[in-house]
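For the record, the sequence lines run as chains D, V, C, Y and B.
Mapped onto the UniProt record's numbering, the consecutive letters of the first sequence carry residue numbers 1 to 97.
Mapped onto the UniProt record's numbering, the consecutive letters of the second sequence carry residue numbers 1 to 92.
Mapped onto the UniProt record's numbering, the consecutive letters of the third sequence carry residue numbers 1 to 316.
Mapped onto the UniProt record's numbering, the consecutive letters of the fourth sequence carry residue numbers 1 to 99.
Mapped onto the UniProt record's numbering, the consecutive letters of the fifth sequence carry residue numbers 1 to 480.
Note that CB positions come from ideal geometry on N, CA and C, so glycine has one too.
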Amino acid sequence: MFEIYVIASLLLMVNILVGLARVLKGPTAADRMLAAEMFATSAVVILLLLATVSGEESLVDVALVFALLSAVTVVTFVSRFWIAGDSGKDRRAGGDS
Amino acid sequence: MTFYLLLATALFLMALYGVFASRHLLRRILALNVMSTAVFLWLVTVARAAPGLDPVPHAMVLTGIVVTVSTTAVAVVLVVRLRASHRRHDLP
Amino acid sequence: MDALVPLFDALLGALLLWLAWQSIFAADLFRAVVSFMIFGLLMALAWVRLEAPDIALAEAAIGAGVTGALLLSALGRLPRERYAEAAQHILSHSYWLLFWAPVVLLAWFLWSLEAAPPSPPGLGEMVAIHQPAAGVDNPVTAVLLAFRALDTLLEIGVLLLGSLAIWSLGPSPWSTGPAMPSPALPAMARALFPAFVLVSVYLLWRGSHAPGGAFPAGAVMGAGGVLMLLAGARPWLTGGEQGPWRWLLTLGLGTMLVVASVTQFAGYVFFQYPSDWSGRLITLLELAAGLSIALLLFALYLGGQPPVRWRDRGWQ
Amino acid sequence: MSLVEWLGLLMVLFGLPFFFLGTVGLLRFPDVYTRLHALAKGDNVGLGLVCLGLGLQSGSLAMTLKLLLIWILMLIASATGVGLIARTALSRGVRPWGL
Amino acid sequence: MIPDLFQIGPSLLFVAPLFAAIAAFVRPRAGAGIYLVSAGLITVASLALVLMVGTLGAWRMDLGGWVPPLGIGWQVDGLSVAMLLLTALVMGGAGVYRVAEGDAGHSPLFWPLWLFLWGGLNALFLSADLFNLYVTLELVSLAAVALIAMGGRTALVPAWRYFIATLLGSTVFLMGVALLYGQHGSLDMRLLQGALGPAAIELLASLLITLGLLLKGAVFPLHFWLPAAHGRAPSAVSAALSGVVVTAAFYLMVRLWFGPFSPMLTPALALALGAMGAMGILWGGVMALLQRRLKMLIAYSTVSQLGYVLLVFPLVASGILAAQAWHGAVVLILTHGFAKAALFLSAGVLIRSLGHDRIDRLKGPGQGPALAWLAFALGAVSLVGLPPSGGFMAKWWLLQSALAAGAWHWALVILAGSLLTAVYLFRVLGGPTAGAMTPSSDHSTRAMGFTALILALAAWIPGFVPIPLTGALADTWGMP
Chain D
1 MFEIYVIASL LLMVNILVGL ARVLKGPTAA DRMLAAEMFA TSAVVILLLL ATVSGEESLV
61 DVALVFALLS AVTVVTFVSR FWIAGDSGKD RRAGGDS
Chain V
1 MTFYLLLATA LFLMALYGVF ASRHLLRRIL ALNVMSTAVF LWLVTVARAA PGLDPVPHAM
61 VLTGIVVTVS TTAVAVVLVV RLRASHRRHD LP
Chain C
1 MDALVPLFDA LLGALLLWLA WQSIFAADLF RAVVSFMIFG LLMALAWVRL EAPDIALAEA
61 AIGAGVTGAL LLSALGRLPR ERYAEAAQHI LSHSYWLLFW APVVLLAWFL WSLEAAPPSP
121 PGLGEMVAIH QPAAGVDNPV TAVLLAFRAL DTLLEIGVLL LGSLAIWSLG PSPWSTGPAM
181 PSPALPAMAR ALFPAFVLVS VYLLWRGSHA PGGAFPAGAV MGAGGVLMLL AGARPWLTGG
241 EQGPWRWLLT LGLGTMLVVA SVTQFAGYVF FQYPSDWSGR LITLLELAAG LSIALLLFAL
301 YLGGQPPVRW RDRGWQ
Chain Y
1 MSLVEWLGLL MVLFGLPFFF LGTVGLLRFP DVYTRLHALA KGDNVGLGLV CLGLGLQSGS
61 LAMTLKLLLI WILMLIASAT GVGLIARTAL SRGVRPWGL
Chain B
1 MIPDLFQIGP SLLFVAPLFA AIAAFVRPRA GAGIYLVSAG LITVASLALV LMVGTLGAWR
61 MDLGGWVPPL GIGWQVDGLS VAMLLLTALV MGGAGVYRVA EGDAGHSPLF WPLWLFLWGG
121 LNALFLSADL FNLYVTLELV SLAAVALIAM GGRTALVPAW RYFIATLLGS TVFLMGVALL
181 YGQHGSLDMR LLQGALGPAA IELLASLLIT LGLLLKGAVF PLHFWLPAAH GRAPSAVSAA
241 LSGVVVTAAF YLMVRLWFGP FSPMLTPALA LALGAMGAMG ILWGGVMALL QRRLKMLIAY
301 STVSQLGYVL LVFPLVASGI LAAQAWHGAV VLILTHGFAK AALFLSAGVL IRSLGHDRID
361 RLKGPGQGPA LAWLAFALGA VSLVGLPPSG GFMAKWWLLQ SALAAGAWHW ALVILAGSLL
421 TAVYLFRVLG GPTAGAMTPS SDHSTRAMGF TALILALAAW IPGFVPIPLT GALADTWGMP
């Protein structure tokens, strides 16, 4: 059973690797941010799987911290960087901010 | 474990190059952060290879992370101030 | 399964290298910052692979919390032009020595690595022998707060000094309220805040016998403060001279200094804990340090001296 | 292995494809709004199934509660985050696909 | 039980500035008062430590009772207490100058930052643990960068350059420390002493550490950040930076290369370090000659004068009169610190009373307070190295060693550097001596000039009473 989990975490890593294409392409900042959020979730799952495989309970704590703090990044993103009403920048969804 | 030592060395060199080659100040801060992460990676790998998992490098890295956070914060704020007062964010 | 683990390592290493490259040389600055944040995320996995969950915890708490928020906020204050000349070569006059010397040295080192692989002696056994005398179950905590307590004292000093340095540069450069009135944001902050308190208390409690302790706990709490600030809560921390918060910011450093020096008058050496009290003193130091670290990280995020009186925005 | 553990393994295996589909959506969907949709599936359903499955296998109440907490936290974060990003994108004039 | 003075003394030097920093932060209005009380305490303790080492010999402390390699050790020997005394006098004097300057336009955060800088420096000079040294170096850099930035808008860019250079230096330093720890499982300098050999990794580690320190010490090809940072900072801060903060890097180089790294100090390496020093002496001197602002001139002079310290490596490696050369380098660090602080402080007084520091306009009659000019002249004479000043003793010892070893090129560099120093400093002094000097006008300018004068006089002490100083220095672990 544990082999399956190791394979699963390996596949999730490949998943992250593929998803990096969105970070590269954009086009808007939100697209890049979304990809990062996606990776955070994937990392949480990898941590949980590894915790089960290794029996190391503290990895679940690491996952817990990631889950708790993932909100902070998104909220900072929309309230400090990619601010509402800053229009015209993304009109054609091509201009990156 | 040699793999992680090589990874740390590669990251260190790449970041070192980045500190010199990049013009934007924020990018230099990122490069310095990658550089210290590479040093931490080296220390933790050494701890892993030692007999019975050496906790001293772990403590050193934890201290180092806190120090890096403070210096990064000061550097980031300095960049913002520089931009506000000099209208520039790149320096040779 | 034995073949899978090196594969995992290799994939992780390739991703880390690629992300580091992106965060230093990406043409678009926001892409660089996002890559750096993902780099931090995956570094946590590397720490786990190297059996250092305590560092993974600290990296997760700080990278996804205050550092990420600070970088994004600073980026919002910088002009949004594209940066095409990502890696301009400015290795002019005096830089060459500084750059090429380590490169040559490390290349030479890599070449000699195969000949003589490092065989770290480590201090693991010595820590294990002396750990009972320190009165804590977690070896990393024993090193941080007993054997190398001076480092930890100075580390908290560096945090305090960092906030002072930032404050001395001027008032907070970014507006504090939410950019867009949204009912969802305060609701989320209110829902999450108990979770922040719960998790940091839990981490502080875990620290005595397992990975955790003052720093991750403080970092989680500090990030919770940042979230509340962004959601429109009025912070308690102000720039005035009155009030208990200046004491609280210095509580960690002050407590460590007092504990370190007071025992000398009872015949102990500097920073020696009386053996019966060691465990309890370390718990006290963790509590004080955790509280200060949370406030100090929040202060670092503010990016400048907070106003003497916050505009009362309440819950929007 | 007991029946509960088999059930757990099955749930984990059902949860994982959501992540791969999420990535496919992230890469192939035409605009921010549709990509948000793809992302939310992975966060909510995929993580939920994995957490439940691992919780069933862990056999300890504390661990199961912690796993549930992780899922709930991620739910809250992703629900609000998706809303905020979509709202901001609209107000910044990012045009939805097909309009 | 009676507290042990050998324990209390060093720990007081560490604890007092940090406590005072906290107090000055919590009670900003009482900042100057808190500073004066703590400065007096620290200065007395530093003097006491010098006397104790001079009469009773050096000792070590194991913090928390944990013996290295497990714990962190402090060393209290001749070299450390000499640096602690330098710190106490320069930081103390420059702080009093700042008090005399008055509160107008000062940030209330100045005193906490200043005291943090002092505490960090004291911790640095006491520490015998390489990782602990890294943390103290970072503490010192952070405090220094914030203090430089207090020089106003024009100081922001120099502050940034300094910060990046010093952060890079720290990180490279830490990489070297990590390599050493991986090899030996120890961070204590004395434990590493016997263990290090000429193996490849150890040589690499020591070179990385040295590279980091060269960057922090602004040694010739890496000096790019120093002049602007020291020239733009407030004068009291410039005095502390040039007098103590930069020299901390040189202190560590001397400590490490004559301590744990000594098996790796090959003649070629010593020659390379000496050549960098010599280039710095000449380049810094020429650049100082070309400056148009007084504080920039003094800042370039730091690049030049500290180059002398690096000459100690080839001179000691030659093996003839090695102790002489070593003493010369350490006394040079001390006298340079005092003289340079005096120069910056008197330049500050001149800026305050004249409103500018343009060298060409300093010439002519009635140019500023006499006390400041006196301090400037006394400091300049010691910096040039004219007898019987302390600077003369330092350069004389270095010269003697060079001549005894037949190293004519080093002797030539020493003399040429002194000549350059004389030319650029007397270019400044040539003006006011021709005209009439006015007595100091107001009370605070007089007090400021007086602190500068005291520091200038401190630079002369080794010229008159070299014996006690060398007596204390002789008990330094690892001295050749």
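Beta-bridge pairing by DSSP links Ser170 of chain B to no other residue. With a cutoff of 8 Å on beta-carbon distance, Ile85 of chain Y and Ala30 of chain D are scored as near each other. For the pair Val66 of chain C and Ala294 of chain C, the CB atoms are not nearer than the 8 Å cut-off. Secondary structure within the segment 310 to 385 of chain B: the alpha helix (DSSP H) runs of 4 or more consecutive residues, fully enclosed, are 312 to 318, 322 to 354, 359 to 362, 370 to 384 (chain order).
Counting only runs of at least 4 residues, the segment 236 to 261 of chain B fully encloses the following alpha helix (DSSP H) elements, listed from N- to C-terminal order: 246 to 257. A distance below 8 Å separates the beta carbons of Val79 of chain V and Leu26 of chain V. Contact note: Thr23 of chain Y does not reach chain C at a C-beta cutoff of 8 Å; the least C-beta distance is about 14 Å.
Taking C-beta separations shorter than 6 Å and ignoring five residues to either side along the sequence, the partners of Gly55 of chain Y in its chain run Thr64, Leu67, following chain order.
Distance from Phe215 of chain C to Ser9 of chain D at the Cβ level is roughly 27 Å; contact not present, criterion being Cβ atoms closer than 8 Å. Met228 of chain C carries a helical assignment under DSSP once its states are collapsed to helix, strand and coil. Taking a C-beta distance under 8 Å as the contact criterion, Ala26 of chain C and Ala44 of chain C do not qualify as a contact pair.
The count of Cβ pairs closer than 8 Å, one atom from the segment 373 to 381 of chain B and one from the segment 316 to 325 of chain B, stays below three, leaving the stretches out of contact.
At a cut-off of 8 Å between beta-carbon atoms, Ser70 of chain D makes contact with chain Y. For Ala217 of chain C, the nearest beta carbon of chain Y is not closer than 8 Å to its own beta carbon.
Comparing C-alpha distances from Ile4 of chain D to each of D:Arg80, D:Leu50, D:Ala21 shows the shortest one belongs to D:Leu50. Sequence-ordered contacts of the segment 24 to 45 of chain Y with chain C are nonexistent [C-beta pairs closer than 8 Å].
Distances from the alpha-carbon of Gly449 of chain B to those of B:Lys295, B:Gly348, B:Arg153 put B:Gly348 closest. Per DSSP, Met188 of chain C has no beta-bridge partner at all. Contact of Leu192 of chain C with chain Y is assigned, a C-beta pair being separated by under 8 Å. Contact note: Val76 of chain V reaches chain C through Leu70, Leu71, Ala74, Gly303, using a C-beta cutoff of 8 Å and chain order.
Taking C-beta atoms as the reference points, Tyr301 of chain C and Ala69 of chain C count as a pair closer than 8 Å. Taken in chain order, the members of the segment 78 to 96 of chain Y whose beta-carbon sits within less than 8 Å of a beta-carbon on chain D are Ser78, Thr80, Gly81, Leu84, Ile85, Arg87, Thr88, Ala89, Ser91, Arg92, Gly93, Val94, Arg95. Within 7 Å of the CB of Ile76 of chain Y, the CB atoms of chain C belong to Met188, Ala191, Leu192, in sequence order along the chain. Pairing Leu161 of chain C with Gly430 of chain B, the inter-Cα distance amounts to about 43 Å. Distance from the CA atom of Gly182 of chain B to the CA atom of Leu154 of chain C, rounded to whole angstroms, is 23 Å. In the three-state scheme derived from DSSP, where H, G and I count as helix and E and B as strand, His24 of chain V is classed as strand. Taking 8 Å as the cut-off, the Cβ atoms of Asp188 of chain B and Pro68 of chain B count as close. DSSP, read as helix, strand or coil, puts Arg293 of chain B in strand. For Phe131 of chain B, the nearest beta carbon of chain V is closer than 8 Å to its own beta carbon.
Between the segment 33 to 47 of chain D and the segment 71 to 81 of chain D, the count of C-beta pairs closer than 8 Å reaches three or more; the two stretches touch. Its Cα nearest to that of His409 of chain B, the residue B:Ala275 stands out among B:Ala275, B:Gly93, B:Leu213. Inter-residue distance for Trp247 of chain C and Val26 of chain B is about 6 Å (C-alpha atoms, whole angstroms). In this structure, the CA atom of Trp42 of chain V is about 29 Å from the CA atom of Leu285 of chain C. Close to chain V, meaning a Cβ-Cβ distance shorter than 8 Å, are the following residues of the segment 157 to 168 of chain B: Val157, Ala159, Trp160, Arg161, Phe163, Ile164, Leu167, Leu168. Between Ala88 of chain B and Gly95 of chain B, the alpha-carbon positions lie close to 10 Å from each other. Judged by pairs of C-beta atoms under 8 Å, the segment 137 to 151 of chain B touches the segment 220 to 234 of chain B, as three or more such pairs exist.
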